[in-house]
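Under this note's numbering, the first residue of the sequence shown carries the number 109, and numbering increases by one thereafter.
Heads up, the beta-carbon is just placed ideally off N, CA and C, and yes, glycines get one too.
Keep in mind that this is a model prediction, so the values were computed, not measured.
Encoded as structure tokens, the structure appears first; notes follow it.
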Amino acid sequence: MTLLLARHGECTASGTYCGRTDAPLTENGRQQAAALAQALAPYPISACFTSPLLRARETAQIALKGRRVPLSVDDRLREVDFGAWEGLKYAEIERRWPQLVPTWLSDPSRIDIPEGEPFSALHNRVRAFLSEHVRSVSDDNVLIIAHGGPLAVVGLELHGRPASEFFNHVPRLGSLRPIDVPLRKVLPC
Numbered sequence: 109m110t111l112l113l114a115r116h117g118e119c120t121a122s123g124t125y126c127g128r129t130d131a132p133l134t135e136n137g138r139q140q141a142a143a144l145a146q147a148l149a150p151y152p153i154s155a156c157f158t159s160p161l162l163r164a165r166e167t168a169q170i171a172l173k174g175r176r177v178p179l180s181v182d183d184r185l186r187e188v189d190f191g192a193w194e195g196l197k198y199a200e201i202e203r204r205w206p207q208l209v210p211t212w213l214s215d216p217s218r219i220d221i222p223e224g225e226p227f228s229a230l231h232n233r234v235r236a237f238l239s240e241h242v243r244s245v246s247d248d249n250v251l252i253i254a255h256g257g258p259l260a261v262v263g264l265e266l267h268g269r270p271a272s273e274f275f276n277h278v279p280r281l282g283s284l285r286p287i288d289v290p291l292r293k294v295l296p297c
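Take a look at the structure:
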């Protein structure tokens with residue numbers, strides 16, 4: 109099985125902690141989605157799963173234009189709820205919560221974002237998504253178009269890595285990362 113992990117293109121809220129904000133793609137984001145379509149061209153895709161947030165759905169529509177790929181929206185692929193950090197730039201978060209930032213960057217599972225979603229909740233919902241949906245598509249190529257947080261958790265799960273490596277697995281906007289994995293390694297029985 110090949111999991112094709114794609115992050116949505118740039119949106120009008122990019123540059124801030126944009127979790128639940130339902131921001132549309134910018135013109136640059138639409139161009140990134142069109143480039144993603146080109147990167148996906150060599151891959152036959154049996155299914156595509158995407159976040160319900162507009163920036164991910166728009167990316168999926170552009171990237172799959174002209175292809176007959178079943179598209180399923182799954183709420184478990186939405187970005188983490190950044191709570192009080194939502195809409196803020198990193199510098200503002202660092203200024204207002206200086207005691208949390210070092211731990212956030214070294215191991216996000218060890219802090220709770222004020223008024224936000226715990227890392228364990230993000231991890232559990234992404235893991236449940238993988239177990240339920242990816243198992244059902246056998247050995248085919250599956251495209252997942254989502255956000256930095258959920259895609260990083262997919263990477264951690266696939267490689268059996270700790271949360272302290274979370275930021276090593278966050279993909280760039282508009283990027284594609286194919287990962288060949290045996291199904292039995294990825295998903296618990």
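Could you tell me which of the options sits nearest to residue i, measuring between CA atoms?
i, options, result
"Asp288", "Leu266, Thr158 and Phe237", "Leu266"
"Leu179", "Ala192, Pro226 and Arg165", "Arg165"
"Gln139", "Asn249, His116 and Asp182", "His116"
"Ala229", "Arg186, Asp248, Gly268 and Glu202", "Arg186"
"Ala149", "Leu112, Pro206 and Thr211", "Leu112"
"Asn249", "Thr124, Val177, Ala171 and Ala142", "Val177"
"Ser214", "Asn276, His241 and Phe157", "Asn276"
"Lys173", "Pro279, Pro210, Ala141 and Asp130", "Ala141"
"Gln169", "Ile252, Ala260, Leu259 and Gly257", "Ile252"
"Arg300", "Ala114, Arg184 and Gln146", "Because the chain here runs from 109 to 297, residue 300 falls outside it and cannot be looked at."
What three-state label does DSSP hand residue i in the structure shown?
i, result
"Phe275", "helix"
"Ser159", "coil"
"Pro286", "strand"
"Leu208", "coil"
"Ala171", "helix"
"Val181", "strand"
"Leu281", "coil"
Any beta carbon of chain B sitting closer than 8 Å to that of residue i?
i, result
"His267", "The structure shown contains no chain B, having only a single protein chain."
Quick check: the Cα distance between residue i and residue j, rounded to an integer number of angstroms?
i, j, result
"Arg285", "Glu200", "31 Å"
"Cys126", "Met109", "31 Å"
"Val262", "Leu162", "21 Å"
"Thr167", "Thr120", "13 Å"
"Asp122", "Pro152", "At residue 122 the sequence reads Ser, which differs from the Asp that was named. Taking the straight line from one Cα to the other gives about 30 Å."
"Lys197", "Thr124", "4 Å"
"Pro160", "Asp182", "6 Å"
"Gly282", "Gln207", "32 Å"
Which residues does DSSP pair with residue i in a beta bridge?
i, result
"Asn249", "Thr110"
"Arg115", "Ala254"
"Leu133", "Cys119"
Checklist entry - Does the pairing of the segment 124-142 with the segment 233-242 give three or more beta-carbon distances under 8 Å? => result no
Item to check | the segment 215-229 / the segment 184-202 touching (three or more Cβ pairs under 8 Å) | outcome: yes
Next on the checklist: Measuring CB atoms only, is the segment 210-224 touching the segment 269-281, in the sense that at least three cross pairs come out at less than 8 Å?
Outcome noted: yes
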